[in-house]
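Just add 41 to the spot in the sequence shown (first one is 1) and you have my numbering. These notes are about the structure you will find just below.
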Amino acid sequence: MAVMVTLGSTGITVEKNGFGALPIQRISTSDAVYLARKAYNSGITFFDTARWYSDSEVKLGEAFDGMRDKVFIATKTGATTVDAFWADLETSLKNLRTDYIDIYQFHNPAFCPKPGDESGIYDAALEAKAQGKIRHIGITNHRLNVAKEAIESGLYETLQFPFCYLSGPQETELVTMCKEHNMGFIAMKALSGGLINNSRAAYAFEAQFDNVLPIWGVQRESELDEFISYIDNPPKMDEELSSIINSDREQLAGEFCRGCGYCMPCPMGIEINNCARMSLMLRRAPSSSWLNEDWQNKMKLIDSCLNCGKCMKKCPYELNTPELLRKNYEDYKLVLSGKVKVQ
Numbered sequence: 042m043a044v045m046v047t048l049g050s051t052g053i054t055v056e057k058n059g060f061g062a063l064p065i066q067r068i069s070t071s072d073a074v075y076l077a078r079k080a081y082n083s084g085i086t087f088f089d090t091a092r093w094y095s096d097s098e099v100k101l102g103e104a105f106d107g108m109r110d111k112v113f114i115a116t117k118t119g120a121t122t123v124d125a126f127w128a129d130l131e132t133s134l135k136n137l138r139t140d141y142i143d144i145y146q147f148h149n150p151a152f153c154p155k156p157g158d159e160s161g162i163y164d165a166a167l168e169a170k171a172q173g174k175i176r177h178i179g180i181t182n183h184r185l186n187v188a189k190e191a192i193e194s195g196l197y198e199t200l201q202f203p204f205c206y207l208s209g210p211q212e213t214e215l216v217t218m219c220k221e222h223n224m225g226f227i228a229m230k231a232l233s234g235g236l237i238n239n240s241r242a243a244y245a246f247e248a249q250f251d252n253v254l255p256i257w258g259v260q261r262e263s264e265l266d267e268f269i270s271y272i273d274n275p276p277k278m279d280e281e282l283s284s285i286i287n288s289d290r291e292q293l294a295g296e297f298c299r300g301c302g303y304c305m306p307c308p309m310g311i312e313i314n315n316c317a318r319m320s321l322m323l324r325r326a327p328s329s330s331w332l333n334e335d336w337q338n339k340m341k342l343i344d345s346c347l348n349c350g351k352c353m354k355k356c357p358y359e360l361n362t363p364e365l366l367r368k369n370y371e372d373y374k375l376v377l378s379g380k381v382k383v384q
């Protein structure tokens, strides 16, 4: 039997599998439309995208053209000015082929937008809501202090925040706070950007929280099929899955790059969000795909790091990113030379 979740005061009730549409920007329109429609036909009705996800909105717009009322669509704006807010909103409405957005989210702002502040973007959201162009106002973030402020403000109906079984007590506290404030919690990075490779364990963890809607980034049909299979047969926490989770927590404890990408762009063109966690990716996925000439060239760029500190200032987890890059590159060279063996 399908497990349902209601997003706080929005009243939006959906199956406990959300479709994260960031990865579909990397595939063809026909493939993206096929995946989105297959998800819908299988019972998934919540789709999350953003203006920053290149053509993701366009692809969802084509997928659900003529059946807009059958799905819930959440998108995001990274606008910091009123003019940019309205430009983003109108672009999203056009891309999605709709006249309303179910949940319009401020995309990882460095502050908590509020009525009357200097940016004016929250007031713009209220006006858009009054016009019927958005139905609910949400916020996404990677900063605990901004997330807590948003919850306590009472201004938002949903919070989207990284939450997986590698999360700490701070993130779990946010889930509890949202429940207490009747605020929906949308869990991004439920697979920790690819570091978690057991979706059953990931689903079982999220299922323990009845107010959490995980959104799974989907790029391949095989990935989608896994989550579709959990609709009628949802994994439940047992000794086997608990053991997997405990093992991963032990292996991945400490400071590691989550791959969120908010450190980007790098002035030297280093693909930080993958290069800074290369050691983990080599050991948690078939290594051959990371050792090709293209990735060798990307990793070589680490030698050109300026140590400018820009990435560190933007990292929501306060990591020493340049040091992580250097360590990952040294390990990468050992694997590439065959001195260190991985799968």
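Note that beta-carbon positions come from the ideal geometry of N, C-alpha and C, so glycine has one too. Everything numeric in this text was worked out from a predicted model, so none of it was measured.
Can the beta-carbon of residue i be found less than 7 Å from the beta-carbon of residue j?
i	j	result
residue 204	residue 228	yes
residue 317	residue 276	no
residue 113	residue 143	yes
residue 197	residue 191	yes
residue 301	residue 183	yes
residue 86	residue 55	yes
residue 71	residue 269	no
residue 169	residue 200	no
residue 354	residue 312	no
residue 49	residue 186	no
residue 253	residue 60	no
residue 284	residue 267	no
residue 88	residue 101	yes
When DSSP labels each residue in this structure, what does residue i get in the three-state scheme?
i	result
residue 116	strand
residue 126	helix
residue 358	coil
residue 279	coil
residue 101	helix
residue 149	coil
residue 160	coil
residue 94	coil
residue 268	helix
residue 284	helix
residue 293	coil
residue 71	helix
residue 377	helix
residue 27	Any property of residue 27 remains undetermined from this structure, which presents the chain solely from 42 to 384.
residue 263	helix
Can you tell me whether residue i is buried or exposed? The criterion is at least 16 other CB atoms within 10 Å of its CB, across all chains shown.
i	result
residue 67	exposed
residue 382	exposed
residue 98	buried
residue 195	exposed
residue 3	Beyond the ends of the chain as shown, which are 42 and 384, falls residue 3; an answer cannot be given.
residue 298	buried
residue 349	exposed
residue 154	buried
residue 207	buried
residue 308	exposed
residue 211	exposed
residue 69	exposed
residue 108	exposed
residue 363	buried
residue 225	buried
residue 42	exposed
residue 255	buried
residue 157	exposed
residue 179	buried
residue 325	buried
residue 296	exposed
Under the DSSP definition of a beta bridge, which residues are partnered with residue i?
i	result
residue 255	228
residue 56	45
residue 144	115, 177
residue 89	61, 115
*Give, in chain order, every unbroken run of the beta strand (DSSP E) that is at least 3 residues long and sits entirely within the stretch 167-246.*
175-181, 199-203, 225-229
*Can you check the stretch 304-374 for any alpha helix (DSSP H) of at least 4 residues that lies completely inside it and give the ranges in chain order?*
313-316, 319-325, 334-341, 351-355
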